[in-house]
Amino acid sequence: MRQQASMIQSSDWLTAAEAAHYLRIKARTLLLWVRQGKVKAFALSGTSRKMWRFRRADLDAALLEASVLPSESPSVCPAERMEQ
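Residue numbers are given in my numbering: position 75 of the sequence shown equals residue 492, and the series is strictly consecutive.
And the structure:
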């Protein structure tokens, strides 16, 4: 655990797992925030799946904005069904 924490502190670029650990959230939540535009992320090119990298400064800036903290829960129900 300490080794992982020291690795996170040594680099400004973080993987999704490292960034989620840094923010103390689940990786799925982080990727949801990326899709919602709440966190700036960089997709690596040349991979079949999107591999995201995050800058520590961008993560810190996102936390200082009020829009990140109250995240909406995604719903599988259409809005009109929820009103009934």
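Backbone N, C-alpha and C fix where the C-beta goes; we use that ideal spot for every residue, glycine too.
Q: Report back the beta-carbon spacing between Leu476 and Arg470 to the nearest angstrom; my notes put them in contact at under 8 Å.
A: With 8 Å as the limit, Leu476 and Arg470 do not qualify as a contact, their Cβ atoms being about 11 Å apart.
Report yes if the C-beta distance between Leu449 and Ala436 is below 8 Å; otherwise report no. No, the Cβ-Cβ distance between Leu449 and Ala436 is not below 8 Å.
Taking Ala434 and Val456 to be in contact with their CB atoms under 8 Å, please state how far apart those CB atoms are, rounded to whole angstroms. About 14 Å; that fails the 8 Å criterion.
So for Leu461, helix, strand or coil by DSSP? Shown here, Leu461 sits in coil according to DSSP, grouped into three states, outside any helix or strand.
Pick from Ser465, Glu482 and Ala474: whose alpha carbon is nearest that of Ala458?
-> Ala474
Is the separation between the beta-carbon of Trp430 and that of Arg466 shorter than 8 Å? no
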